[in-house]
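Numbering (the numbering used here), first residue to last: 31 to 226.
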């Protein structure tokens, strides 16, 4: 299903006249720890809906539609346009969502004591738990770093904006244009007016 979704979205963006990334696509290219939390809560909502007496497919369907398909479509866009940073970022978000939904489902299944279909030896159970811990760590650690980076960039942008406001007029010259690049920690200011 993942492969089919990637192929379909890649083919769509190859033949589609849409070539510029809009905010909907860009939002899925740099996942952070906040996306991990969203995926966990989506997983909790999905498994709780499935385990309720009035079983329905609406909430799990919404979880899949909002958490899994958009990143895959964005990854297809990245492949179709040759923008591999888009592909890797979106596929990483897909991985976060998949792992966290599975983790939330497993946790709720254990809390609600779903019946076990087959007995597993303690040694094998320990090995499975170790593998899950490694996968979870590998999946979540980069998102913590990216979340930290996002917060730092946001702080820089806010402080830079305050600074730019404070020097809108400098020695009789007026600020015509300003560009704040949080990634490079740079501020570009263009002034116009009389020089002495």
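Virtual Cβ for every residue (Gly too), placed ideally from N, Cα, C.
Please classify residue i as buried or exposed, where buried requires at least 16 other C-beta atoms within 10 Å of its C-beta.
i           : result
residue 32  : exposed
residue 118 : exposed
residue 199 : exposed
residue 41  : exposed
residue 124 : buried
residue 108 : buried
residue 122 : buried
residue 142 : exposed
residue 115 : exposed
residue 135 : buried
residue 76  : buried
Here's a check: name, in chain order, each residue in its chain whose Cβ is nearer than 7 Å to the Cβ of residue i, leaving out the five neighbours to either side.
i           : result
residue 186 : 212, 215
residue 130 : 66, 69, 70, 73
residue 78  : 138
residue 190 : 210, 217
residue 176 : 60, 61, 62
For the beta strand (DSSP E) containing residue i, name the first residue and the last one.
i           : result
residue 216 : 216 to 223
residue 207 : 203 to 211
Using the C-alpha atoms, what's the distance from residue j back to residue i?
i           : j           : result
residue 221 : residue 72  : 49 Å
residue 67  : residue 202 : 50 Å
residue 163 : residue 102 : 25 Å
residue 196 : residue 210 : 15 Å
residue 97  : residue 34  : 17 Å
residue 178 : residue 165 : 21 Å
residue 161 : residue 44  : 38 Å
residue 207 : residue 183 : 20 Å
residue 111 : residue 46  : 11 Å
residue 170 : residue 126 : 7 Å
residue 95  : residue 219 : 43 Å
residue 82  : residue 144 : 12 Å
residue 147 : residue 154 : 15 Å
residue 156 : residue 150 : 10 Å
residue 152 : residue 133 : 20 Å
residue 80  : residue 140 : 14 Å
Tell me where the alpha helix (DSSP H) around residue i begins and ends.
i           : result
residue 166 : 152 to 196
residue 102 : 99 to 111
residue 149 : Run containing residue 149: none; DSSP gives neither H nor E here.
residue 142 : No alpha helix (DSSP H) contains residue 142, which DSSP labels as neither H nor E.
residue 62  : Residue 62 -> no alpha helix (DSSP H), and no H or E assigned at all.
residue 31  : No alpha helix (DSSP H) holds residue 31; DSSP gives it neither H nor E.
Starting from the C-beta of residue i, find all residues in its chain whose C-beta is less than 6 Å away, skip the five residues before and the five after it, and write them out in chain order.
i           : result
residue 168 : none
residue 226 : Any reading at residue 226 needs caution, since the residue's pLDDT is 49, under 50, leaving its predicted position unreliable; the model's value is listed next. Counting only Cβ-Cβ distances below 6 Å, and skipping sequence neighbours, we find nothing.
residue 223 : 202, 203, 204
Flag residue i as yes when its Cβ comes closer than 7 Å to any non-hydrogen atom of the ligand SAH, and as no otherwise.
i           : result
residue 158 : Within the structure as shown, the ligand SAH is missing, as the structure has no ligands at all.
Based on Cα-Cα distance, which residue from the options lies nearest to residue i?
i           : options          : result
residue 62  : 105, 184, 172    : 172
residue 180 : 150, 64, 36, 149 : 64
Excluding sequence positions up to five away, which residues of its chain have a Cβ less than 8 Å from the Cβ of residue i?
i           : result
residue 193 : 217
residue 36  : 102, 105, 106, 109
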